[in-house]
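Colleague: Sharing a structure below in structure tokens format, with a few things to ask.
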Amino acid sequence: PIIQRLGDLEDGRRSTWDRIRRSIVEPTLKFVTPGDIGMALPHRVVDNLLEFLNKVDNVVPGLASKYTLLYAPEIKYYSMRAVVNKLMETTVEGIFAAGDGAGLSRGINVAAATGVIAAWGILVKLGKDINNKLFNKIKQ
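So for the sequence shown, this note's numbering puts the first residue at 6; every next one is plus one.
Have a look at this one:
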């Protein structure tokens with residue numbers, strides 16, 4: 006994957022390891038190549054990404070910082086799959102997995118559904134009653 010500082014993308018220049026090392030944000034993914042996402046993705050995708058980040062920055066201030074690190078393209082590891090029960094609890098008690106990152110879904114709809122099921126699992130774990138027809142079918 007390519008890594009780029011948001012500020013570099015906005016300025017139309019590729020990121021370098023030197024600029025990334027001087028940033029206040031440390032990359033979590035190390036096996037990447039600094040570069041220019043603007044050259045790797047279609048222009049419309051880059052425009053939409055920048056617009057999205059700037060709008061969400063109104064809700065999550067700092068998200069659109071020039072130091073924010075972007076990775077592209079999106080890579081999904083579907084072969085890694087968490088072992089979970091009906092309510093998405095893993096083999097580690099009290100740890101719930103949901104969404105694409107858990108390897109349990111391949112799209113936003115199913116990812117969202119696993120999130121709802123995990124939330125129900127957490128509520129059950131906390132001793133809360135759930136009055137929902139679908140939940141009642143799942144727990145059977």
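Each residue gets a CB set at the ideal place from its N, CA and C atoms; glycine is no exception.
Which runs of the alpha helix (DSSP H) spanning at least 4 residues fall entirely within the region 15-83, listed in chain order?
Modeller: Fully enclosed alpha helix (DSSP H) runs of 4 or longer: 22-26, 42-45 and 48-61.
Colleague: Buried or exposed for Val97, please, with buried defined as at least 16 other CB atoms from any protein chain shown within 10 angstroms of its CB.
Modeller: The residue in question, Val97, is exposed, as its Cβ has fewer than 16 Cβ neighbours within 10 Å.
Colleague: Drop a sphere of 10 angstroms on the beta-carbon of Arg10, count the other beta-carbons inside from all chains shown, and report buried for 16 or more, exposed for fewer.
Modeller: Result: buried.
Colleague: Please state whether the Cβ-Cβ distance between Leu55 and Glu15 is less than 9 Å.
Modeller: Cβ atoms of Leu55 and Glu15: closer than 9 Å.
Colleague: Are the CB atoms of Ser28 and Tyr3 within a distance shorter than 9 Å?
Modeller: Beyond the ends of the chain as shown, which are 6 and 145, falls residue 3; an answer cannot be given.
Colleague: Alpha carbon to alpha carbon, how far is Asn141 from Lys91?
Modeller: Whole-angstrom Cα-Cα distance: 12 Å.
Colleague: Keeping to the same chain, check which residues put their C-beta closer than 7 Å to that of Ile42; ignore five residues upstream and five downstream.
Modeller: Hits under 7 Å: Ile7, Gln9, Leu14, Val51, Leu75 and Ala77.
Colleague: On the criterion of 16 or more Cβ atoms from any shown chain inside 10 Å, does Val2 qualify as buried, or is it exposed?
Modeller: Outside the displayed range of the chain (6 to 145) lies residue 2, so it cannot be described from this structure.
Colleague: In this structure, how does DSSP classify Thr95 when only helix, strand and coil are distinguished?
Modeller: Thr95 falls in the strand class under three-state DSSP.
Colleague: Mind checking who Phe101 pairs with in its DSSP beta bridge?
Modeller: Its beta-bridge partners are Glu94.
Colleague: Check this for me: beta carbons of Ile143 and Ile122, under 9 Å apart or not?
Modeller: Their beta carbons are under 9 Å apart, which means Ile143 touches Ile122 by this criterion.
Colleague: Where do the N-terminal and C-terminal ends of the beta strand (DSSP E) with Ile8 fall, by residue?
Modeller: Looking at the DSSP string, the run of the beta strand (DSSP E) that includes Ile8 is Ile7 to Arg10.
Colleague: Would you mind working out which of Met44, Phe57 and Gly106 sits nearest Gly17, comparing C-alpha positions?
Modeller: Ranking Met44, Phe57 and Gly106 by Cα distance to Gly17 puts Met44 first.
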